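Respectively, the protein sequence lines represent chains F and H.
Residue numbering for the first sequence follows our numbering, beginning at 3 and increasing consecutively.
Residue numbering for the second sequence follows our numbering, beginning at 25 and increasing consecutively.
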Amino acid sequence: MSGVSIKNITKTYEKGTVLALDNISLEVAPGELFGLIGPDGAGKTTLFRILTTLLIPDKGKATVAGFDVVTDYEDIRKIVGYMPGKFSLYQDLSIEENLNFFATVFKTTFEENYHLIEDIYVQIEPFKKRLAGELSGGMKQKLALCCALIHEPKVLFLDEPTTGVDPVSRKEFWDMLDRLKARGITIVVSTPYMDEASRCDRIALIQKGKILEVNTLEKIIKKNRQPLFAIKAPNRYKLIKDIRAFENTNSCFAFGEDNHVSFKNGSEGMPQLLNYLNEKGYENLSHKEVEPDIEDTFIKLMLETENHD
Amino acid sequence: MASATGNKKMNNLFFLLQKEFRQIFRNPTILRMILIMPVLQLILIPLAADYEIKHIAISVIDLDHSPYSKRLTQKIAASDYFQLKEYGSSYQKSLETVGDGKTDIILTIPVNFEKDLIKESKSKIHLAADAVNGVRAGLGTAYAGQIIAAFNNEIREEWVQFPRYVEMPQIEITSANWYNPHINYYLFMVPGILAILVTMVGSFMAALNIVAEKEVGTIEQLNVTPLKKWQFILGKLIPFWVLGMASITIGMVVAFVIFRIIPVGSYFTVYAFSAVYLLGILGIGLLVSTFSDTQQQATLFAFFFMMIFILLGGLYTPIESMPEWSQWITKFNPPAYFIRVIRAVFIKGSAFSDLLPDFYAMIAFAIGFNWLAIRNYSKRSA
Numbered sequence: 003m004s005g006v007s008i009k010n011i012t013k014t015y016e017k018g019t020v021l022a023l024d025n026i027s028l029e030v031a032p033g034e035l036f037g038l039i040g041p042d043g044a045g046k047t048t049l050f051r052i053l054t055t056l057l058i059p060d061k062g063k064a065t066v067a068g069f070d071v072v073t074d075y076e077d078i079r080k081i082v083g084y085m086p087g088k089f090s091l092y093q094d095l096s097i098e099e100n101l102n103f104f105a106t107v108f109k110t111t112f113e114e115n116y117h118l119i120e121d122i123y124v125q126i127e128p129f130k131k132r133l134a135g136e137l138s139g140g141m142k143q144k145l146a147l148c149c150a151l152i153h154e155p156k157v158l159f160l161d162e163p164t165t166g167v168d169p170v171s172r173k174e175f176w177d178m179l180d181r182l183k184a185r186g187i188t189i190v191v192s193t194p195y196m197d198e199a200s201r202c203d204r205i206a207l208i209q210k211g212k213i214l215e216v217n218t219l220e221k222i223i224k225k226n227r228q229p230l231f232a233i234k235a236p237n238r239y240k241l242i243k244d245i246r247a248f249e250n251t252n253s254c255f256a257f258g259e260d261n262h263v264s265f266k267n268g269s270e271g272m273p274q275l276l277n278y279l280n281e282k283g284y285e286n287l288s289h290k291e292v293e294p295d296i297e298d299t300f301i302k303l304m305l306e307t308e309n310h311d
Numbered sequence: 025m026a027s028a029t030g031n032k033k034m035n036n037l038f039f040l041l042q043k044e045f046r047q048i049f050r051n052p053t054i055l056r057m058i059l060i061m062p063v064l065q066l067i068l069i070p071l072a073a074d075y076e077i078k079h080i081a082i083s084v085i086d087l088d089h090s091p092y093s094k095r096l097t098q099k100i101a102a103s104d105y106f107q108l109k110e111y112g113s114s115y116q117k118s119l120e121t122v123g124d125g126k127t128d129i130i131l132t133i134p135v136n137f138e139k140d141l142i143k144e145s146k147s148k149i150h151l152a153a154d155a156v157n158g159v160r161a162g163l164g165t166a167y168a169g170q171i172i173a174a175f176n177n178e179i180r181e182e183w184v185q186f187p188r189y190v191e192m193p194q195i196e197i198t199s200a201n202w203y204n205p206h207i208n209y210y211l212f213m214v215p216g217i218l219a220i221l222v223t224m225v226g227s228f229m230a231a232l233n234i235v236a237e238k239e240v241g242t243i244e245q246l247n248v249t250p251l252k253k254w255q256f257i258l259g260k261l262i263p264f265w266v267l268g269m270a271s272i273t274i275g276m277v278v279a280f281v282i283f284r285i286i287p288v289g290s291y292f293t294v295y296a297f298s299a300v301y302l303l304g305i306l307g308i309g310l311l312v313s314t315f316s317d318t319q320q321q322a323t324l325f326a327f328f329f330m331m332i333f334i335l336l337g338g339l340y341t342p343i344e345s346m347p348e349w350s351q352w353i354t355k356f357n358p359p360a361y362f363i364r365v366i367r368a369v370f371i372k373g374s375a376f377s378d379l380l381p382d383f384y385a386m387i388a389f390a391i392g393f394n395w396l397a398i399r400n401y402s403k404r405s406a
């Protein structure tokens with residue numbers, strides 16, 4: 003039993019005036035690679051801090067591997083690995099000193115759990131004498147992951163591990179998570195990058211302290227599928243304003259070089275919009291129907307909750 | 025990774041201490057503070073902050089121009105305390121030099137000074153002092169008064185015709201300065217500064233160190249480990265306790281090398297008091313760290329406390345001459361006790377048993393501040 007269970011967790015800051023988490027419930031199965039996807043300020047870090055026993059929730063109950071986050075915090079601290087969003091290792095200690103230190107704090111040794119971190123460690127081993135503060139961003143992140151793994155945790159919490167990391171290192175990092183998952187470690191990872199959602203078994207979309215949807219990526223997209231069109235024209239800024247002014251437009255967002263548009267009346271809206279735009283004198287207009295991806299789905303869900311409020 | 029072959033069962037505290045010392049010895053600022061600060065402070069402050077009032081600038085306005093007035097002027101000029109700035113005959117002109125800060129005291133000898141003194145057996149002279157610096161003015165007029173009184177006696181003796189038959193009753197006051205017979209100013213200042221040094225190392229360097237862990241976020245990483253609260257606190261306090269003891273040792277070496285000052289009392293007393301005092305002062309550091317989130321905040325707190333510690337600690341101004349309410353404050357000011365104890369051991373040679381009440385007070389501080397700090401320190405922010 004190394005899953006995570008969250009029931010009706012609410013957390014406020016500033017004496018209740020700032021709502022960080024609003025009645026959140028989640029279940030993460032043992033051995034799952036679970037993604038918390040949401041923009042900055044959505045409440046991801048607060049949730050991590052509650053699950054790692056650093057914060058006490060105002061309301062609700064949460065367990066990690068069966069241990070209550072409030073009453074059994076000492077048990078939880080022995081079995082979880084936590085990698086905070088901000089690099090939090092000793093900058094004035096070297097790679098090997100940091101690793102040894104965190105190993106000993108968990109009453110284990112580097113050698114004993116070397117097999118767990120070997121893949122990652124070999125990449126930073128050439129610099130093992132270097133102080134952590136002098137490492138590059140990617141190397142710091144690998145060291146932080148090593149330190150979070152050195153005591154063979156049952157549950158691993160990674161708060162935005164790939165923020166500020168280059169695309170190649172990001173891909174490598176997710177490959178590492180796959181290998182850790184194969185060892186049976188439950189992993190909860192947060193990210194602001196929608197494209198990383200596809201690497202998770204299941205994801206939760208989180209926005210303004212609320213969970214919009216929890217499921218596999220495919221199911222979330224399928225469930226929220228709606229006709230979506232990519233429209234492109236040379237004068238992009240004016241185009242986006244005109245599309246938004248159109249009466250049947252549901253949403254219109256810049257997406258790469260295109261504008262992704264959905265309509266209140268579904269596919270019927272597209273020919274109507276084309277007429278409308280032709281009247282406005284647009285030339286060289288290109289349009290095609292597209293499959294919504296996670297980002298489109300997130301925007302849709304986000305708009306729905308906003309309108310709902 | 026040969027260094028990782030450590031025994032699994034070894035105490036967490038040991039590894040924490042190993043880590044702390046490693047970081048301290050890697051931090052050039054801390055080392056500089058520990059090694060260079062005592063040396064510089066002990067050399068500079070006692071040499072510069074000298075209370076003895078010497079070289080008081082005096083202007084004599086002689087309106088009499090008689091042999092007696094000249095004799096009095098010479099007597100004053102010959103004294104160590106005074107420096108004759110001006111010998112003139114215009115009070116107005118001399119007053120201007122006071123305004124410029126060139127003269128501290130004006131002595132006016134009136135017209136007919138000699139004549140009145142001989143004929144009427146009395147005469148008046150006038151002393152005016154620049155009281156911007158009150159200590160200087162007060163001491164200056166007192167010194168001048170002494171010289172004038174001595175001059176007065178001389179004249180009287182000369183005028184008594186038959187000294188063999190008329191015995192002049194003379195009372196002379198002599199003074200002896202106990203424990204510091206030559207009023208060696210350094211002997212007074214150096215132990216006081218030693219006490220302040222230990223205070224700074226113990227309280228603020230420890231506070232800054234803990235707050236740095238908060239600021240960098242490492243404390244959060246540590247909090248998600250089985251590490252216990254007391255282990256973390258001891259892991260921080262022990263290194264700075266050791267550093268505090270090291271800094272007083274360095275300070276005593278400097279005191280001997282530069283000023284040839286060694287404690288008249290025993291080293292044991294010095295170390296025993298330092299050991300307990302440091303515990304209390306580390307408690308203050310820990311307390312400061314619990315209510316600061318950044319090193320900047322901790323520094324501001326430290327600055328505020330340090331001012332109180334020094335100004336109400338009796339380092340410069342004697343506690344006995346403070347108003348009663350501030351004397352009460354000094355009773356809660358740990359450095360006040362430590363400064364007094366260190367001075368007593370260094371200058372008077374007080375033994376441990378003589379200072380027992382202070383020792384109990386320090387134990388009380390150690391328990392009190394640490395209790396407050398631990399109560400305030402929370403491993404989990406709620």
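Note that the Cβ used here is the ideal one computed from N, Cα and C, for glycine as well.
All of these numbers come straight from a predicted model, not from anything done at the bench.
Comparing C-alpha distances from phenylalanine 212 of chain H to each of H:Asp382, H:Val369, H:Met386 shows the shortest one belongs to H:Val369.
Along the segment 6-28 of chain F, there is no position whose C-beta sits under 9 Å from a C-beta of chain H.
The beta carbon of phenylalanine 104 of chain F falls within 9 Å of a beta carbon belonging to chain H, placing the residue at that interface. Ranked by Cα distance from arginine 364 of chain H, the options H:Trp349, H:Ser350, H:Trp395, H:Pro381 are led by H:Pro381.
Under the rule that a run must span 4 or more residues, the alpha helix (DSSP H) segments found entirely inside the segment 326-381 of chain H read 348-354, 358-367. By the Cβ-count criterion, serine 313 of chain H is buried, with 16 or more other Cβ atoms from all chains shown falling within 10 Å of its own Cβ.
With a cutoff of 9 Å on beta-carbon distance, asparagine 237 of chain F and lysine 302 of chain F are scored as not near each other. Assigned with DSSP and collapsed to three states, glutamate 16 of chain F falls in coil, not helix or strand. As DSSP reads the structure, asparagine 217 of chain F sits in a beta bridge with F:Ile205.
Chain-order list of chain H residues neighbouring leucine 95 of chain F: Lys43, Arg46, Gln47, Arg50, by C-beta distance under 9 Å. Just measuring C-alpha positions, the residue of F:Phe69, F:Ala247, F:Asn267, F:Leu219 sitting nearest proline 294 of chain F is F:Leu219. Closest option to serine 90 of chain F, judged by alpha-carbon separation, among H:Gln245, H:Gly275, H:Val294: H:Gln245.
As DSSP reads the structure, alanine 153 of chain H sits in a beta bridge with H:Ile129. The criterion of a C-beta distance shorter than 9 Å is satisfied by glutamate 138 of chain H and serine 90 of chain H. Considering only H:Tyr401, H:Ser147, H:Met276, the residue with the shortest C-alpha distance to isoleucine 67 of chain H is H:Met276. Under DSSP, threonine 188 of chain F takes part in a beta bridge, and its partners are F:Val157.
Lysine 109 of chain F and glutamine 255 of chain H have their alpha carbons spaced roughly 14 Å apart.
Between tyrosine 278 of chain F and alanine 235 of chain F, the C-beta gap is not smaller than 9 Å, which leaves the two residues out of contact. Ranking F:Leu145, F:Leu179, F:Arg185 by CA distance to the CA of valine 124 of chain F puts F:Leu145 first.
Pairing isoleucine 48 of chain H with valine 214 of chain H, the inter-Cα distance amounts to about 27 Å. Neighbourhood of glutamate 244 of chain H in chain F, by CB distance below 9 Å: Arg51, Thr54, Leu56, Tyr84, Pro86, Lys88, Ser90, in chain order. The beta strand (DSSP E) runs lying completely inside the segment 245-280 of chain F and spanning 3 residues or more are 251-257, 260-265, given in chain order. With contact defined as three or more Cβ pairs closer than 8 Å, the segment 253-267 of chain H and the segment 339-349 of chain H are not in contact.
In the DSSP assignment, glycine 158 of chain H falls within the alpha helix (DSSP H) that extends over 158-183.
The C-beta distance from asparagine 36 of chain H to aspartate 94 of chain F rounds to 20 Å, too long to fall under 8 Å, and the pair is not in contact.
Nearest to glutamate 114 of chain F by C-alpha distance, out of F:Ile152, F:Lys210, F:Ile189, is F:Ile152.
Counting along the chain, glutamine 93 of chain F sits inside no alpha helix (DSSP H), nor does DSSP assign it H or E at all.
Judged by DSSP secondary structure, tyrosine 301 of chain H falls within the alpha helix (DSSP H) whose first and last residues are 291-314. Taking 9 Å as the CB threshold, phenylalanine 39 of chain H lines the interface with chain F. With fewer than 16 other CB atoms across the displayed protein chains lying within 10 angstroms of its CB, arginine 284 of chain H is exposed.
Leucine 40 of chain H and arginine 46 of chain H have their C-alpha atoms some 10 Å from each other.
Sequence-distant Cβ neighbours of valine 300 of chain H in its own chain, meaning closer than 8 Å and more than five residues away, are Phe383, Met386, Ile387, Ala390.
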